[in-house]
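To keep things clear, I will list the structure first and then write my remarks on it.
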Amino acid sequence: MERIESLKREITKRRIGAFLITNLKNIRYLAGFSGSSGALLITSREAFFITDFRYREQSEREVKGCQIVITRHSPFRTIREILKKNRIKRVGFEYNESFAIYDILRRDFRPFALKNVVEDFRKIKDAEELRNIRKAVKRAEDAFLNVKPYIKVNTTERAVALRLEEELKKSGCKRLPFDIIVASGPNAAMPHATVTERKLQPGDLVVIDWGGESDGYFSDMTRTLLLNGANIGKKKEIYHAVVRANRAAINAVKEGVKAKDVDRVARQIIKESGYGEYFGHATGHGLGLDIHEAPRISFMSRDVLKKGMVFTIEPGIYVPGLGGVRIEDMVTIKDSGTQRLTSLSRRLEII
């Protein structure tokens with residue numbers, strides 16, 4: 004596979020003998036394995052996928068571009084044997100993995116923690132990845148549209164979340180990227196609220212954050228609905244401010260633009276609307292095999308936007324005691340410019 008060949012070139016460039024990969028999402032990206040136990044050892048010339056008997060059949064079906072090694076003992080014993088056989092001393096391992104890996108490697112080799120090597124490859128999606136992401140978007144949007152008629156006064160947050168989960172799984176999602184958020188009334192002021200038994204009430208803002216899946220790739224979107232009731236003027240004002248921030252940030256997305264500058268556009272609009280103190284999270288994040296990947300669209304980000312990146316734009320306003328609004332869309336950068344992957348309306352819907 005070209006991904007493994009690219010990594011072999013990176014290994015040569017970094018002057019290490021081998022790179023040990025244990026992050027399962029990185030293994031799936033490089034070799035295609037979707038199981039829950041395995042390791043990938045790549046040298047400048049060869050690639051080895053090491054797993055145990057339970058995954059022999061699965062690895063033979065899924066793994067590409069590697070020699071498959073089925074071990075009946077510790078995978079690190081097999082890794083050690085391969086490294087010794089190839090007379091390799093300098094071994095890279097993933098920066099975010101456990102200290103135990105370093106501790107094992109340092110007994111016989113010179114280990115080096117390497118940061119974001121595979122993750123940097125994963126920032127740019129190829130055509131097949133984009134197809135799966137688009138399918139995950141469609142599954143999520145179709146599920147939401149099927150559930151919308153059930154979102155009404157006296158329905159509980161949990162009932163809405165369960166129905167949405169059912170629709171997502173019926174659409175073909177094998178798993179969900181995260182626990183669905185349905186936050187109503189004062190709960191909507193919590194960006195990552197936990198679903199409760201609270202019944203939806205007249206005048207509630209209802210924030211719904213959910214995602215779909217296709218062949219391991221995820222989508223992520225948020226819409227906010229308003230239940231008709233008294234004294235909803237300020238809630239409408241907040242909603243329209245968030246929509247303006249969402250639109251402006253998406254319009255600012257272009258190849259070569261700094262991610263922090265996109266964040267600045269969204270943040271400035273919300274600040275000018277008088278709600279700057281109520282927008283405390285990043286404007287967006289990349290996604291793919293993980294629900295949170297690079298690039299990060301925040302004021303602290305060092306990322307520069309490139310063609311093939313996929314990420315969210317999700318400004319929000321959260322006012323304690325009143326509620327909150329978040330509008331989250333997914334975008335990608337193509338040769339022809341920026342494309343919004345999500346298609347759900349951003350128009351305020353008062354139910």
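Everything in the sequence shown is counted per the numbering used here, starting at 4 for the first residue and increasing by one.
Beta carbons: idealized from backbone N, C-alpha and C, even for Gly.
**Request:** Let me know the alpha helix (DSSP H) ranges lying completely inside the stretch 111-149, each 4 residues or longer, listed in chain order.
**Result:** 120-125
**Asked** Thinking C-beta only, is Leu167 closer than 8 Å to Gly215?
**Response** no
**Asked** Smallest Cα separation from Lys202: which of Ile353, Leu44, Ile154, Pro114?
**Response** Ile154
**Message:** Could you tell me the alpha carbon to alpha carbon distance between Val322 and Gly206, rounded to whole angstroms?
**Reply:** 15 Å
**Prompt:** Buried or exposed: which applies to Thr197, given that a residue is buried once 16 or more other Cβ atoms fall within 10 Å of its Cβ?
**Reply:** exposed
**Request:** Write down the C-beta distance between Val156 and Gln204 rounded to the nearest angstrom, noting that I regard them as a contact closer than 8 Å.
**Result:** 6 Å
**Beta-carbon gap between Leu228 and Val209 smaller than 8 Å** = yes
**Message:** So, for Met312: in the same chain, excluding its five sequence neighbours on each side, which residues have a beta-carbon less than 8 Å away from its beta-carbon?
**Reply:** Lys126, Ile127, Lys128, Gly289, Pro298, Thr335, Ile336
**Request:** Taking only the alpha-carbon atoms, compute the straight-line gap between Thr225 and Gly175 and give it to the nearest angstrom.
**Result:** 20 Å
**Item:** Three-state class that DSSP yields for Thr298 in the structure shown
**Value:** Residue identity differs from the one stated: residue 298 is Pro in this sequence, not Thr. Correct three-state label for Pro298: strand.
**Asked** In three-state terms, what does DSSP make of Ile19?
**Response** coil
**Item:** As assigned by DSSP and simplified to three states, the class of Phe52
**Value:** strand
**Message:** Would you call the stretch 185-196 in contact with the stretch 231-243, where contact means no fewer than 3 C-beta pairs closer than 8 Å?
**Reply:** no
**Asked** DSSP puts Glu426 in a beta bridge; with which residues?
**Response** In this structure the chain extends from 4 to 354, so residue 426 is not present and cannot be described.
**Item:** Backbone secondary structure at Ser37 - three-state DSSP
**Value:** coil
**Request:** Could you give the DSSP three-state label for Thr199: helix, strand or coil?
**Result:** coil
**Asked** Which one or two residues does DSSP pair with Gly289 in a beta bridge?
**Response** Glu296, Phe314
**Request:** Look at the Cβ atom of Gly95, then the Cβ atom of Arg17, and state whether they are nearer than 8 Å.
**Result:** yes
**Prompt:** Can you tell me where the alpha helix (DSSP H) with Leu108 in it begins and where it stops?
**Reply:** 102-108
**Request:** Would you identify the three-state DSSP class for Val256, choosing helix, strand or coil?
**Result:** coil
**Message:** Give the list of continuous beta strand (DSSP E) stretches no shorter than 3 residues that lie fully inside the stretch 54-88.
**Reply:** 70-74
**Message:** Excluding the 5 residues flanking Lys92 on each side, which residues of the same chain have their C-beta closer than 7 Å to its C-beta?
**Reply:** Gly20, Phe112, Arg113
**Prompt:** Given that a residue counts as buried once 16 or more other Cβ atoms are within 10 Å of its Cβ, and exposed if not, what is Lys67?
**Reply:** exposed
**Request:** Indicate whether Glu317 and Glu331 have their beta-carbon atoms separated by less than 8 Å.
**Result:** yes
**Prompt:** Cβ of Asp266 within 8 Å of Cβ of Ser222?
**Reply:** no
**Item:** Proximity of Gly287 and Glu132 at Cβ, strictly below 8 Å
**Value:** no
**Item:** Neighbour-count burial assignment, Thr345, 16 or more Cβ in a 10 Å radius
**Value:** buried
**Message:** Residues in the same chain with beta-carbon distance under 7 Å from Leu44, minus the five sequence neighbours each way, listed in chain order, please.
**Reply:** Ala21, Leu23, Phe51, Ile53, Ile82, Ile85
**Request:** Leaving out five residues on either side along the sequence, give the residues of the same chain with a beta carbon under 8 Å from the beta carbon of Arg64.
**Result:** none
**Message:** Classify Glu280: buried if its beta carbon has 16 or more other beta carbons within 10 angstroms, exposed otherwise.
**Reply:** exposed
**Residue burial classification, Asp306 (beta-carbon count within 10 angstroms, cutoff 16)** = buried
**Request:** Would you please state the rounded distance, in angstroms, between the beta carbons of Asp212 and Ile184? I believe it to be under 8 Å.
**Result:** 4 Å
**Request:** Find out if the Cβ-Cβ distance for the pair Thr46, Ile7 is shorter than 8 Å.
**Result:** no
**Asked** Between which two residues does the beta strand (DSSP E) containing Asp212 stretch?
**Response** 208-213
**Item:** Residues bridged to Ile320 [DSSP beta-bridge criterion]
**Value:** Val328
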